[in-house]
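Accompanying notes for the structure given below.
Protein chains: 4
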Amino acid sequence: MIRIALLGCGRIGKMHAATIVRAENAELAAVYDPVGAAADEIGRLYDCKVAASAEEAIALADAVLIATSTPTHADLIEASASAGKAIFCEKPIDLSLARVAACREAIKGFDRPIQIGFNRRFDPGHRAARDAARAGEIGDLQQVVITSRDPGLASRDYLKVSGGIFKDMTIHDFDLARFMLGEEPIEVFATGAALVDPTLAELGDIDSAMVVLRTESGKLCHINNSRAAAYGYDQRVELFGSKGMVISGNRRAHHLERFDATTTGAGEPYLNFFVERYAEAFTLGLQSFLRCVAENRTPDATFEDGEKSLALAEAANRSLAEGRFVKVAEILG
Amino acid sequence: MIRIALLGCGRIGKMHAATIVRAENAELAAVYDPVGAAADEIGRLYDCKVAASAEEAIALADAVLIATSTPTHADLIEASASAGKAIFCEKPIDLSLARVAACREAIKGFDRPIQIGFNRRFDPGHRAARDAARAGEIGDLQQVVITSRDPGLASRDYLKVSGGIFKDMTIHDFDLARFMLGEEPIEVFATGAALVDPTLAELGDIDSAMVVLRTESGKLCHINNSRAAAYGYDQRVELFGSKGMVISGNRRAHHLERFDATTTGAGEPYLNFFVERYAEAFTLGLQSFLRCVAENRTPDATFEDGEKSLALAEAANRSLAEGRFVKVAEILG
Amino acid sequence: MIRIALLGCGRIGKMHAATIVRAENAELAAVYDPVGAAADEIGRLYDCKVAASAEEAIALADAVLIATSTPTHADLIEASASAGKAIFCEKPIDLSLARVAACREAIKGFDRPIQIGFNRRFDPGHRAARDAARAGEIGDLQQVVITSRDPGLASRDYLKVSGGIFKDMTIHDFDLARFMLGEEPIEVFATGAALVDPTLAELGDIDSAMVVLRTESGKLCHINNSRAAAYGYDQRVELFGSKGMVISGNRRAHHLERFDATTTGAGEPYLNFFVERYAEAFTLGLQSFLRCVAENRTPDATFEDGEKSLALAEAANRSLAEGRFVKVAEILG
Amino acid sequence: MIRIALLGCGRIGKMHAATIVRAENAELAAVYDPVGAAADEIGRLYDCKVAASAEEAIALADAVLIATSTPTHADLIEASASAGKAIFCEKPIDLSLARVAACREAIKGFDRPIQIGFNRRFDPGHRAARDAARAGEIGDLQQVVITSRDPGLASRDYLKVSGGIFKDMTIHDFDLARFMLGEEPIEVFATGAALVDPTLAELGDIDSAMVVLRTESGKLCHINNSRAAAYGYDQRVELFGSKGMVISGNRRAHHLERFDATTTGAGEPYLNFFVERYAEAFTLGLQSFLRCVAENRTPDATFEDGEKSLALAEAANRSLAEGRFVKVAEILG
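Residue numbers (numbering that gives the first Met the number 0), protein chains in the order written: chain X, 0 to 332; chain U, 0 to 332; chain V, 0 to 332; chain L, 0 to 332.
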């Protein structure tokens, strides 16, 4: 049994806790949250140790699941690594590329599995799309189109500390783009505007964005973001190749279609929001991590993946500011 | 050039006239309608002879297109046949099976093409479904399900002389069933009710019906009718076999989908009514007839097809009255 | 906490056990299976009492979940009822209508909840269809079309004791028809054939069936069955009314569409078989039962529902034998 | 009757000729093609005058339809305008923005209708999408996504004189973008590669492109091009706004879906190529022009629209070369 320490007992933490207790090869060894009540709730629900500190929780575990607030991620990764524990850390590693690089240096030589919470890689539809592409079903992959729109604007308080749309929201799409493309984007173009809520300009942020990536071999990728889709959470991935196309589409809770005097085939709203839409992805991602821990294998979404997606977000910020196609090498340089 | 005499210049007659004038191998030689004004309109539009009688029109032609009212069909078939002209006659041949049999006897030995206007056989989707089944794509055909619902109740005046739902409306589905099944139904069950307009009972008619057919080898077919589908003309054909299924679905004028806070993927209303939905089928059916005339071949929808569909309608009427699975042999005697 | 005795630890029993242990208001008090090993497995997995007899298990519980083989259902219902325990029994109550009637008499006066395992009533899509109809969205309900096809023929051994297609398979559709129609079918027509496996005739059974039901007010229902759909488990419900239509369609594991030189929009296979397709329905049905037990309310799928569906199956058998529209009153006589 | 002179009797010319002869308010007065045989064919087919020169044809007409090769367009527009004839000219006006500007100057003061052949504006689905947006159905329009992929690479000879992907192919999408956005794009980003046929680099051309446009108010538009979609002609327009979304999708010849052991709901290939996909659009566009001529109204797709789309193409070329977000004002200078 893999003993897990869960750090952070908010919405995502609770989801992971439920997955852990159902897993056959893992158990919840300890939970910790700076807000004691949140940890207590999970402790009572699953009858597990509520640790007084992150350090105490880490000490009790084989693997650490970091679901705390973003600014603590890098520190907790370093603490867990120095304690020799396998690590699952929610995205992003940090909002600062420098801090991420420092963290990478700090854990150099660490040889246990470390996985970043890019759950969308584990969504069955998205993964089937990628598997079809890898298997040659669509010939040579030429274009990727990712539509990624949230169902509604997050709170002002959240947005203030989010790091901006590219590091907070698009970072999932940057990771998905890399996962799908199968080669590194070398150039990034980004533009956007505050169309949902023009006052976002006060935060220096935008809520609507269009991004284009280009790889060395010329593969193209478009990402399309909005913070507020009236019709729900919109998550589509289109892979276009020399022999065909696959599209991983949106999901509904069930398949009722309505027909009346004005419309035909009207479907149910989409699953909304990520907790529902990506429920399987969260579970499958954590299960995959547990298998990697058990077999000491490299996970699907690594620390390097976290760093590279952040570099793309940084490049997008620079492109937005300077109105040009920014080379990723300038950022990583 | 095949010279065509068009008898009957109503809605269907006009459609056929437009197809004839565009055909490369045919021309409108003469038109006739007991209502002179209707014939005059087509005569002016296409600059063709307006005959004073059906006989005069027939005499001017190589082929006769009969689109007059049902009670005149059999007489005009006989007149055309005795004049040695190829014949295209709208369905049904007659509402009386005895009259149809008499007509068959009367034209015995007639060796020119005669086609009945079962246009749905020529609908590209329905035909592709049948072609797929014939080509073995779905293995052995086992079940056919036909959904056939009109967008709204016809006028009382029309319904009074329609011959009842099975001879007027379901007869198209009986023909389609035979076309799809590839073998003769030997038993018919039918039930129904006047649900759209309960006062139809005064006419001894119904507006909602469910029919089941069974062939000698046990193949099954269900037909589902309503005189009034609020969401438009509903025309679906499902073929189920040992290796798969094909469904020929409804058609829309274009493919706009709408997404809002309550529905996703809401499509346009269906094409409505048969003039729009089966526009291609009408054209393709008449073109097929013209080719048969040119090559003196047997058409796809023959006099015999017209008679057999009417026998199924008669069997359905008897089943409705007697509440039992009626053998078609009882009807055909 | 509602203490549950689980009788029968096969495939369905295991599913229910998993739901019970996750429920907040229930616990697995005891399990029993004539095959000891099956009970032991669940006992070990969930750390619960393995009873030496059904009676012992019943005595330890507040509610009994009967998932044993069909011939034992009525006896166990009677035993549970006489012990005053709430009852959840898998369908059918018995293959004999006389035995069911006797069971009904035997438990007369029993006032605890008793639910029959007609899980499809709890499928979110099917239920949303019914709720839409009940809410008046489609006006007056006029027609119900149920497509219900298994992905493959069951084993010969299973089929031999199944009671025949109408009591084994269609019984789910009969229940769904009653659930959707909102009034009792008064007449039943059924026909069919052994098209999947002609040797089924040796068992006096069929594998392909078409059924038509009619209610007092003239509402119509068609049920379409096959024991073997090559493309997977096919479960569709269509409700047609004076103002529109709703269709509860099939479900896929995810929404990948494929496009190549010959096809467009090709979807994933359907979820297959009932354990996957109706996973939510099984869970929601049992949760609904637990709420009924907690609040001592009448469940959604009652003993009477079980008896009436069996009567429709019996009527279908008679219709198949006699080739006529059989009145349900003849059966219930 | 509006007398039309058709200049250019190739594929597009023939399509327009067929529309003209069917129009109630127009007739084919004369045809001209430098390749005499092409003109003769149409002349024979529709029994109309075959002119010896463009000038002769123009003199015989009320309106001139220019469907000749691109380099002749501007000259023929000037000739027709100076003769005072209404003008319908296929896109593009010219490959050189300077020549277009000169043409604009040359016809200054011309007050008859002049329409550019941006047929996609008249596609019923695309127009319904725009009408829905204009009617406020999706709230404030925020994003436009245009997918536009040809079914296969044109011939090398064609590509050599095409003017490059942006002026030849994307120009349709630039026009559609302006039509949908309802305000002018002020900045253009473009990137791409020769992925379909790497040897296109020899022509200085690409076959795969991604473009992003931004308007003054921040509205965003993405255009996605490929010269070779294996699954057929891919023409989708997505309009995303504050209250919802509409998508105008691809079209199939009919609606057959296939289900087998590996896929469900597999549809027919898309209509392929523009002659089929945009058949209605070509007809509706020309009919709209004829109404404008009859009523002396300004057409939907004006000379200015032709010039502005070409400016966007020019900006895209500059963006591709310089890797930056190019202001349209730089181009229009």
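No residue lacks a Cβ here, since even glycine has one placed at the ideal position from N, Cα and C.
Proximal residues of chain X, C-beta to C-beta of U/Gly-266 below 7 Å
Here residue 266 of chain U refers to the residue found at position 267 when the second sequence is read from its first residue. Simply Thr-262, Thr-263 and Gly-264.
At a CB distance below 7 Å, what residues from the segment 269-280 of chain U approach chain X? Give them in sequence order.
Tyr-269
Exposed unless 16 or more other CB atoms sit within 10 angstroms - verdict on V/Tyr-232:
Position 233 of the third sequence, counting from 1, holds the residue named residue 232 of chain V. Label assigned to V/Tyr-232: buried.
Could you name the residues of chain V that L/Ala-229 contacts, counting a contact when the two beta carbons are closer than 9 Å?
Within the fourth sequence, residue 229 of chain L is the residue found at index 230, counting from 1. Going along chain V in sequence order, the residues near L/Ala-229 (Cβ under 9 Å) are Phe-258, Asp-259 and Ala-260.
Through-space distance from L/Phe-239 to U/Thr-262, alpha-carbon basis
Position 263 of the second sequence, counted from the first residue, corresponds to residue 262 of chain U. Position 240 of the fourth sequence, counted from the first residue, corresponds to residue 239 of chain L. Rounded to whole angstroms, U/Thr-262 to L/Phe-239 spans 15 Å at the Cα level.
Own chain residues within Cβ distance below 8 Å of U/His-254, not counting five before or after:
Locating residue 254 of chain U in the second sequence gives position 255, where the first residue counts as 1. If we look at U/His-254 and ignore the five residues flanking it on each side, its Cβ neighbours are Gly-266 and Glu-267.
Could one say the Cβ of V/His-15 lies closer than 9 Å to chain U's Cβ atoms, at least one of them?
Position 16 of the third sequence holds residue 15 of chain V. V/His-15 does not count as touching chain U.
Quick one: grab the DSSP three-state call for L/Thr-198.
In the fourth sequence, residue 198 of chain L corresponds to position 199, counting from 1. Looking at L/Thr-198 - three-state DSSP - the assignment turns out to be helix.
Say whether chain X places a C-beta atom closer than 9 Å to the C-beta of V/Ile-115.
By 1-based counting over the third sequence, the position of residue 115 of chain V is 116. Judged by the 9 Å Cβ criterion, V/Ile-115 is not in contact with chain X.
Please list, in chain order, the residues of the segment 301-330 of chain L that have any C-beta partner in chain X closer than 7 Å.
Gly-322, Arg-323 and Phe-324
Mind listing, in chain order, the continuous beta strand (DSSP E) runs of no fewer than 3 residues lying wholly within the segment 31-82 of chain X?
62-65
Counterpart residues of X/Tyr-269 in DSSP-defined beta bridges:
Counting from 1 along the first sequence, the entry for residue 269 of chain X is found at position 270. Its beta-bridge partners are X/Arg-251.
Residues of the segment 231-257 of chain V with Cβ closer than 8 Å to any Cβ of chain X, in chain order:
Lys-242, Gly-243, Met-244, Val-245, Ile-246, Ser-247, Gly-248, Asn-249, Arg-250, Ala-252, His-253, His-254, Leu-255, Glu-256 and Arg-257
Spatially closest choice to L/Arg-103 from L/Glu-136, L/Gly-305, L/Asn-24 and L/Leu-199, by CA coordinates
In the fourth sequence, counting from the first residue as 1, residue 103 of chain L sits at position 104. Cα-wise, what sits closest to L/Arg-103 is L/Gly-305.
Measure from the alpha carbon of V/Asp-139 to the alpha carbon of each residue in U/Leu-152, U/Thr-67, U/Ala-229 and U/Ile-222, then state which is nearest.
The count along the third sequence starts at 1 and reaches residue 139 of chain V at position 140. When each option's Cα is compared against that of V/Asp-139, the closest is U/Ala-229.
Would you mind reading off the limits of the alpha helix (DSSP H) that contains U/Ala-314?
As a first step, residue 314 of chain U is located in the second sequence; it is residue number 315 there, counting from the start. Taken as a continuous stretch (DSSP letters only), the alpha helix (DSSP H) holding U/Ala-314 covers 302-321.
If you follow the beta strand (DSSP E) that X/Gly-240 is in, where does it begin and where does it stop?
Along the first sequence, one-based indexing puts residue 240 of chain X at 241. Counting along the chain, the beta strand (DSSP E) containing X/Gly-240 begins and ends at 233-240.
Using 8 Å as the cut-off, can you tell me whether the segment 62-78 of chain L makes contact with the segment 5-21 of chain L, which would need three or more C-beta pairs spanning the two stretches below that distance?
yes
What residues in its chain sit with their C-beta under 7 Å from that of L/Val-144, if we drop five residues either side in the sequence?
Numbered from 1 along the fourth sequence, position 145 holds the residue referred to as residue 144 of chain L. Excluding positions up to five away in sequence, the list reads His-221 and Glu-237.
Please tell me whether L/Ala-128 has its Cβ less than 9 Å away from any Cβ of chain U.
Position 129 of the fourth sequence, counted from the start, is the residue given in the question as residue 128 of chain L. It does; some Cβ of chain U falls within 9 Å.
Hey, out of V/Ile-86, V/Met-209, V/Leu-270 and V/Val-49, whose CA is closest to V/Gly-284's CA?
One-based indexing of the third sequence puts residue 284 of chain V at position 285. For the residues V/Ile-86, V/Met-209, V/Leu-270 and V/Val-49, the minimum Cα distance to V/Gly-284 belongs to V/Ile-86.
Outcome for U/Tyr-277 when other beta-carbon atoms lying within 10 angstroms are tallied against a minimum of 16:
To locate residue 277 of chain U, count along the second sequence from 1; it is residue 278. Per the 10 Å Cβ criterion, buried.
9 Å Cβ cutoff met for X/Leu-152 and X/Ala-227
Numbered from 1 along the first sequence, position 153 holds the residue referred to as residue 152 of chain X. Numbered from 1 along the first sequence, position 228 holds the residue referred to as residue 227 of chain X. Contact flag set, yes.
Cβ-based burial, V/Asn-316 [other Cβ within 10 Å; buried from 16]
On the third sequence, residue 316 of chain V is found 317 positions in, with the first residue counted as 1. Flag for V/Asn-316 reads buried.
Using the DSSP secondary-structure output, state which residues sit across from U/Gly-245 in a beta bridge.
Position 246 of the second sequence holds residue 245 of chain U. Note on identity: in this sequence residue 245 of chain U is Val, with Gly being the wrong assignment. U/Val-245 pairs with U/Leu-238 and L/Arg-257.
Would you give the residue range spanned by the alpha helix (DSSP H) that X/Asp-291 belongs to?
Here the question's residue 291 of chain X lines up with position 292 in the first sequence. The sequence shown places Cys at residue 291 of chain X, not Asp. Its alpha helix (DSSP H) spans residues 278-294.
Cβ-based neighbour list, L/Ser-52, same chain, cut-off 8 Å, excluding 5 preceding and 5 following
To locate residue 52 of chain L, count along the fourth sequence from 1; it is residue 53. The residues are Tyr-31.
Which residues in the same chain as L/Ile-170 place their Cβ atom closer than 7 Å to its Cβ, once the five residues preceding and following it in sequence are excluded?
Position 171 of the fourth sequence, counted from the start, is the residue given in the question as residue 170 of chain L. Here the set comprises Lys-90, Pro-91, Ser-308, Leu-309 and Ala-312.
Please tell me whether U/Ser-207 has its Cβ less than 9 Å away from any Cβ of chain V.
Looking up residue 207 of chain U in the second sequence gives position 208. Yes, because at least one Cβ of chain V sits closer than 9 Å to the Cβ of U/Ser-207.
Quick one: what's V/Phe-188 bridged to in DSSP?
Along the third sequence, one-based indexing puts residue 188 of chain V at 189. DSSP, once it has assigned bridges, lists V/Val-211 as partnering V/Phe-188.
Can you check whether the CB of U/Gly-124 is closer than 9 Å to the CB of U/Arg-250?
Translated into the one-based positions of the second sequence, residue 250 of chain U becomes position 251. Translated into the one-based positions of the second sequence, residue 124 of chain U becomes position 125. It is a contact, given that the beta carbons lie within the stated cut-off.
So, for U/Ile-1: in the same chain, excluding its five sequence neighbours on each side, which residues have a beta-carbon less than 7 Å away from its beta-carbon?
Looking up residue 1 of chain U in the second sequence gives position 2. Around U/Ile-1: Asn-24, Ala-25, Asp-61, Ala-62, Leu-289, Val-292 and Ala-293.
Is the distance from the Cβ of V/Ala-208 to the Cβ of V/Thr-190 below 9 Å?
Here residue 208 of chain V is taken as the residue at index 209 of the third sequence, counted from 1. Here residue 190 of chain V is taken as the residue at index 191 of the third sequence, counted from 1. Contact: yes.
Taking DSSP as the reference, what is the three-state secondary structure of L/Glu-104?
Position 105 of the fourth sequence, counted from the first residue, corresponds to residue 104 of chain L. DSSP places L/Glu-104 in helix when its eight states are reduced to three.
Is the beta carbon of U/Cys-8 closer than 9 Å to that of U/Glu-55?
Within the second sequence, numbered from 1, the residue matching residue 55 of chain U stands at position 56. Within the second sequence, numbered from 1, the residue matching residue 8 of chain U stands at position 9. It is not a contact, given that the beta carbons lie outside the stated cut-off.
Partner residues on chain U for V/His-72, Cβ-Cβ distance less than 7 Å:
Taking the first residue of the third sequence as position 1, residue 72 of chain V is located at position 73. By Cβ distance, chain U contributes nothing, its closest Cβ being about 31 Å from V/His-72, past 7 Å.
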